[in-house]
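Novice: Quick note on the numbering used here: the sequence shown kicks off at 305 and runs consecutively.
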Amino acid sequence: VSFIGTSETFKGCLSLKNVSMPNNITIIRSGMFENCVSLESVSGLGNVVEIERWAFYNCCYLENIDIESQLIYVGDEAFYNCQKLKNISISDNVTFVGEKAFVNCKSLEYNVYDNALYLGNRYNPYVAIIQPQHKFITTCEIHPNTKIIPNYTFSGCNALQSVNIPEGITHIGYHTFSSCGLNEITI
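1. What number of angstroms, rounded off, separates the C-alpha of Gly335 from the C-alpha of Ser319?
2. Kindly give me the distance between the Cβ atoms of Ala463 and Phe440, rounded to whole angstroms, as I take these residues to be in contact under 8 Å.
3. Starting from Glu488, trace the beta strand (DSSP E) both ways and give me its first and last residue.
4. Comparing alpha-carbon positions, which option in Gly316, Ile469, Gly477 lies nearest Ala359?
5. Quick check on DSSP: helix, strand or coil for Phe383?
6. Under 8 Å: do the region 460 to 474 and the region 376 to 390 share three or more Cβ pairs, one atom per stretch?
7. Tell me where the beta strand (DSSP E) around Glu344 begins and ends.
8. Within the same chain, show all residues whose beta-carbon is closer than 7 Å to that of Tyr414, passing over the 5 residues directly before and after it, in chain order.
9. Could you check the C-alpha separation between Thr310 and Gly348 for me, to the nearest Å?
10. Tell me the residue span of the beta strand (DSSP E) that contains Ala420.
11. Can you give me the C-alpha to C-alpha distance between Pro326 and Leu486, rounded to a whole angstrom?
12. I think Val431 touches Ile452, with their Cβ atoms under 8 Å apart; what is that distance to the nearest whole Å?
13. Using DSSP with H/G/I as helix, E/B as strand and the rest coil, what is Ala463?
14. My output table needs one value for Ala359: the three-state DSSP class, helix, strand or coil.
15. Going by other Cβ atoms of all chains shown within 10 Å of its Cβ, with 16 needed for buried, is Ser483 buried or exposed?
16. Helix, strand or coil for Asn368? Go by DSSP, reduced to three states.
17. If you pair each beta-carbon of the region 393 to 400 with each one of the region 361 to 370, do three or more pairs fall below 8 Å?
18. Name the one or two DSSP bridge partners that Asn322 has.
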């Protein structure tokens, strides 16, 4: 099998616990495993470069997902409410991390740098800034190795006064700094 559906192929399979995918799959389609609330692990994703929106939305028991460092695109709310997800690797070549991609991933092991939480890989743990440590931060110096600032990342951080954005940023999403108290931005 080299292609699985266009979207929502296994959506709502409530008893599905483990999935072993063929190694030639490169895209996890939109909503493919959405609301598979019993899903615990997915393996065989070593060649996946893109995880589309809602792919694992509300897979609240998903703990292990075997993705190596080739992942370059994570869609909106791709892992929304994956409460037991512990880690994920994102390539240095990432081009996009969607809004709320990791919202309510309570067990995810983030990397912390200057008031913000990041995801990346073993060589660069700061590829994408995911969210501020809390909504009341006043400053943030984004790590120099960061590539992506997703949509809405700092939205609503009313106390945020200043941000330092390094040269290497390739993507700043929409509404990233909306409704902030910014008075200084260094790019």
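The beta carbon of each residue, even a glycine, is placed where N, CA and C say it ideally should be.
As the structure is a computational prediction, the values presented were derived from the model and not from experiment.
Specialist: Let me lay it out:
1. On the sequence shown, residue 335 is found 31 positions in, with the first residue counted as 1. On the sequence shown, residue 319 is found 15 positions in, with the first residue counted as 1. Rounded to the nearest angstrom, the gap between the Cα atoms of Gly335 and Ser319 is 16 Å.
2. In the sequence shown, residue 463 corresponds to position 159, counting from 1. In the sequence shown, residue 440 corresponds to position 136, counting from 1. Right, the Cβ-Cβ distance comes to about 5 Å (below 8 Å), so this counts as a contact.
3. In the sequence shown, counting from the first residue as 1, residue 488 sits at position 184. 488 to 490 is the span of the beta strand (DSSP E), which, as asked, contains Glu488.
4. As a first step, residue 359 must be located in the sequence shown, where it is residue number 55. Distances from the alpha-carbon of Ala359 to those of Gly316, Ile469, Gly477 put Gly316 closest.
5. Within the sequence shown, numbered from 1, the residue matching residue 383 stands at position 79. The DSSP-derived three-state label of Phe383 is coil.
6. Because the criterion of three Cβ pairs below 8 Å is not met, the region 460 to 474 and the region 376 to 390 do not touch.
7. As a first step, residue 344 is located in the sequence shown; it is residue number 40 there, counting from the start. Careful: Glu344 lies outside any beta strand (DSSP E) and carries neither H nor E.
8. As a working note, residue 414 is residue 110 in the sequence shown. Excluding sequence neighbours, Tyr414 sits near Leu421, Tyr422, Leu423, Ile434.
9. As a first step, residue 310 is located in the sequence shown; it is residue number 6 there, counting from the start. As a first step, residue 348 is located in the sequence shown; it is residue number 44 there, counting from the start. Their Cα atoms are separated by approximately 19 Å.
10. In the sequence shown, residue 420 corresponds to position 116, counting from 1. Residues 420 to 423.
11. Reading the sequence shown from its first residue, position 22 is the one you call residue 326. Reading the sequence shown from its first residue, position 182 is the one you call residue 486. If you take the alpha carbons of Pro326 and Leu486, they lie about 47 Å apart.
12. Position 127 of the sequence shown, counting from 1, holds the residue named residue 431. Position 148 of the sequence shown, counting from 1, holds the residue named residue 452. About 7 Å separates the two Cβ atoms, so the contact holds.
13. Here the question's residue 463 lines up with position 159 in the sequence shown. Assigned with DSSP and collapsed to three states, Ala463 falls in coil, not helix or strand.
14. Here the question's residue 359 lines up with position 55 in the sequence shown. Three-state result, Ala359: coil.
15. Working through the sequence shown from its first residue, we reach residue 483 at position 179. Its Cβ having fewer than 16 others within 10 Å, Ser483 is exposed.
16. Counting from 1 along the sequence shown, the entry for residue 368 is found at position 64. Correct three-state label for Asn368: strand.
17. Result no; under three Cβ-Cβ pairs closer than 8 Å.
18. Counted from its first residue, the sequence shown places residue 322 at position 18. Answer is Ser345.
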